[in-house]
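Peer 1:
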Amino acid sequence: MKLMHIFVSLWRELMHRNFLFDLDQTLLDFHASEYKALEILNDNELLFYNEYESFYKMTENSKAFENFCREAFGQDFSQDGFSDINQINRILKYIPKGEDVHILDVGCGNGKMLGYLQDKTGAYIHGFDYSESAIDTAKKLFQTKADFKQGKIGETDYPAEQFDLVVSMDSMYFAPDMEKFVLQIMRWLKKDGVLFVGYQEGDVMPKTDNEKTTVLARALDNCGIQYEVEDITSETYELLKKKRDAALLYQKDFEKEGNKDWLDLLLLQTDCVTEGYDSFAQKMARYIYVVRKNELGRRGHG
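Structural data, given as structure tokens:
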């Protein structure tokens with residue numbers, strides 16, 4: 000069986016587990032179970048590594064995928080998830096003006112999003128990702144005021160107070176210890192630094208009641224860290240419909256390139272929008288969290 004077919008099977012199992020997740024469990028029970036879906040990832044870490052290696056190699060050569068990204072997301076950042084140009088542009092207001100501004104992207108992929116932010120602001124860009132192929136591409140694409148390294152969450156470290164902004168788009172889920180990683184990011188940030196997180200529920204992480212009950216929100220609360228949060232679930236529903244339409248638009252191009260397996264995965268990822276929004280919102284949610292280090296120690300949320 001091809002690796003991609005195994006990957007799709009794992010994705011289906013992940014979604015199945017989460018959609019059947021009992022939301023009536025106590026928070027304590029949930030805390031003990033919250034990474035249950037990630038057992039698949041942990042038990043097959045090498046498999047997922049190989050798939051992401053294959054994915055980033057595909058993105059280097061696939062015109063169909065480039066066109067798909069532009070059509071679905073408004074910009075080609077080699078996205079494989081839920082972040083479009085509207086979400087990325089939200090980041091810009093948190094990047095200060097100046098000659099010594101540094102941005103870190105946690106799970107940076109091939110660095111294209113960071114390159115966009117650098118083009119808009121002139122900032123130094125830093126990123127780490129566990130994919131060797133992704134980091135190799137990032138190093139080739141961005142060589143000025145840029146630093147990229149291969150590494151995993153929980154194992155990669157930086158000096159204290161180095162970054163004005165830390166961005167995590169759909170990567171916080173893979174922290175072995177969410178509270179520990181949040182505090183590590185706080186240490187990396189400068190005094191007035193900001194953490195910006197795009198956070199999805201219903202695929203990798205189980206769907207909880209609302210933006211205050213996610214694993215990330217509870218970690219922030221437990222650490223006494225104030226945060227602001229925006230619910231963009233309805234926006235994400237529209238994005239996923241657009242993503243599905245774009246995949247179908249370039250279906251023949253994917254097939255001509257020999258990339259039908261990747262097309263199948265894109266369609267699988269967007270199966271959830273074939274039903275109405277109410278059904279979607281019961282199973283999926285997306286939030287943007289913003290944490291300002293200068294408010295560290297204040298409890299609550301905006």
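In numbering that gives the first Met the number 0, the protein residues as written are 0 to 301. Note that beta-carbon positions come from the ideal geometry of N, C-alpha and C, so glycine has one too.
#1: Near Asn-60, which residues of its chain fall below 7 angstroms by C-beta distance, leaving aside the five closest residues on each side in sequence?
#2: Spatial neighbours of Val-100 within its chain, please: C-beta separation below 6 angstroms, excluding the five flanking residues on both sides.
#3: Pull up the distance between the alpha-carbon of Glu-256 and that of Asp-244, whole angstroms please.
#4: What are the start and end residues of the alpha helix (DSSP H) that includes Asp-263?
#5: Where does Val-272 sit, in a helix, a strand or coil, going by DSSP?
#6: Quick check on DSSP: helix, strand or coil for Phe-76?
#7: At a cut-off of 7 angstroms, would you count Ala-63 as near the ligand NAD, judging by its Cβ distance to the nearest heavy atom?
#8: State the DSSP-derived secondary structure class of Gln-149, mapped to helix, strand or coil.
#9: Which of helix, strand or coil does DSSP assign to Lys-56?
#10: Within 10 angstroms of its Cβ, does Tyr-276 collect 16 or more other Cβ (buried), or is it exposed?
#11: With a threshold of 6 angstroms on Cβ separation, who are the neighbours of Ser-167 within its own chain once the five nearest residues in sequence on each side are excluded?
#12: Quick check: what's the CA-CA separation for Lys-96 versus Glu-160?
#13: So the beta strand (DSSP E) Lys-189 belongs to, where does it begin and stop?
#14: Confirm, please, whether the CB-CB distance from Ile-124 to Leu-113 is below 8 angstroms.
#15: If you draw a straight line from the alpha carbon of Leu-266 to that of Glu-52, how long is it in whole angstroms?
#16: Pull the bridge partners of Ala-284 from the DSSP assignment, please.
#17: Below 6 angstroms CB to CB, which residues in the same chain sit around Gln-117 once its five sequence neighbours on both sides are set aside?
#18: Measuring straight from C-alpha to C-alpha, what distance separates Gly-80 and Glu-70?
#19: Confirm, please, whether the CB-CB distance from Met-185 to Lys-292 is below 8 angstroms.
#20: For Lys-111, which residues of its own chain have a beta-carbon under 6 angstroms away from its beta-carbon, when the five flanking residues on both sides are left out?
#21: Quick check on the burial criterion: 16 or more other C-beta atoms within 10 angstroms. Buried or exposed for Pro-158?
#22: Go to Asp-104, then tell me how far its beta strand (DSSP E) extends in each direction, as first and last residue.
#23: Can you name, in chain order, every residue of its own chain whose Cβ lies under 6 angstroms from the Cβ of Tyr-129, other than the five neighbours on each side?
#24: In chain order, which continuous runs of the beta strand (DSSP E) of length 3 or greater are located wholly inside the segment 214-261?
#25: Which residues bound the beta strand (DSSP E) around Tyr-123?
#26: Straight-line CA distance for Asp-263 to Asn-49?
#27: Buried or exposed for Lys-206, going by 16 or more other Cβ atoms inside 10 Å?
#28: Could you tell me if Leu-239 is buried or exposed, where buried requires 16 or more neighbouring beta carbons within 10 angstroms of its beta carbon?
Peer 2: On the basis of the coordinates in this document:
#1: The sequence position of residue 60 within the sequence shown is 61, counting from 1. Cβ within range, chain order: n/a, list empty.
#2: The residue given as residue 100 occupies position 101 in the sequence shown. Answer for Val-100: Ala-122, Asp-163, listed in chain order.
#3: Along the sequence shown, read from residue 1 onward, the residue named residue 256 stands at position 257. Along the sequence shown, read from residue 1 onward, the residue named residue 244 stands at position 245. In a straight line, the C-alpha of Glu-256 is about 19 angstroms away from that of Asp-244.
#4: Sequence index remark: in the sequence shown, residue 263 carries index 264 (1-based). Taken as a continuous stretch (DSSP letters only), the alpha helix (DSSP H) holding Asp-263 covers 259-268.
#5: On the sequence shown, position 273 is the one that residue 272 refers to. Reduced to three states, the DSSP call for Val-272 is helix.
#6: Sequence index remark: in the sequence shown, residue 76 carries index 77 (1-based). It is coil, neither helix nor strand.
#7: The ligand NAD is not part of this structure, which contains no ligands at all.
#8: For the purposes of this step, residue 149 is identified with residue 150 of the sequence shown, where counting begins at 1. Under the three-state reduction of DSSP output, Gln-149 falls in the strand class.
#9: On the sequence shown, position 57 is the one that residue 56 refers to. In the structure shown, Lys-56 sits in a helix (DSSP, three-state: H, G or I).
#10: For the purposes of this step, residue 276 is identified with residue 277 of the sequence shown, where counting begins at 1. Its Cβ having fewer than 16 others within 10 Å, Tyr-276 is exposed.
#11: For the purposes of this step, residue 167 is taken as the residue at position 168 of the sequence shown. Excluding positions up to five away in sequence, the list reads Val-105, Val-196.
#12: As a first step, residue 96 is located in the sequence shown; it is residue number 97 there, counting from the start. As a first step, residue 160 is located in the sequence shown; it is residue number 161 there, counting from the start. When rounded, the distance between both Cα atoms is 17 angstroms.
#13: Counted from its first residue, the sequence shown places residue 189 at position 190. Start and end: 188-200.
#14: Residue mapping note: residue 113 aligns to position 114 of the sequence shown, counting from 1. Residue mapping note: residue 124 aligns to position 125 of the sequence shown, counting from 1. Against a cut-off of 8 angstroms, the Cβ pair of Ile-124 and Leu-113 comes out as a contact.
#15: For the purposes of this step, residue 266 is taken as the residue at position 267 of the sequence shown. For the purposes of this step, residue 52 is taken as the residue at position 53 of the sequence shown. Distance between the alpha carbons of Leu-266 and Glu-52: 20 angstroms.
#16: Mapped onto the sequence shown, residue 284 falls at position 285. Its beta-bridge partners are Glu-200.
#17: Within the sequence shown, residue 117 is the residue found at index 118, counting from 1. Closer than 6 angstroms at Cβ, skipping near neighbours: Ile-124.
#18: One-based indexing of the sequence shown puts residue 80 at position 81. One-based indexing of the sequence shown puts residue 70 at position 71. If I take the Cα positions, the gap works out to 14 angstroms.
#19: Translated into positions along the sequence shown, residue 292 becomes position 293. Translated into positions along the sequence shown, residue 185 becomes position 186. Yes; because the gap between Cβ atoms is below 8 angstroms, this pair is in contact.
#20: Stepping through the sequence shown from its first residue, residue 111 is reached at position 112. Cβ neighbours of Lys-111 beyond the five flanking positions: Phe-76, Ser-77.
#21: Along the sequence shown, one-based indexing puts residue 158 at 159. Pro-158 is exposed by the Cβ-count criterion.
#22: Position 105 of the sequence shown holds residue 104. Looking at the DSSP string, the run of the beta strand (DSSP E) that includes Asp-104 is 101-105.
#23: Along the sequence shown, one-based indexing puts residue 129 at 130. Cβ within range, chain order: Lys-151.
#24: 227-230
#25: The residue labelled residue 123 in the question sits at position 124 within the sequence shown. Start and end: 123-128.
#26: Looking up residue 263 in the sequence shown gives position 264. Looking up residue 49 in the sequence shown gives position 50. If I take the Cα positions, the gap works out to 18 angstroms.
#27: Walking along the sequence shown from the start, residue 206 turns up at place 207. Buried: at least 16 other Cβ atoms inside 10 Å.
#28: In the sequence shown, the residue the question calls residue 239 occupies position 240. Buried: at least 16 other Cβ atoms inside 10 Å.
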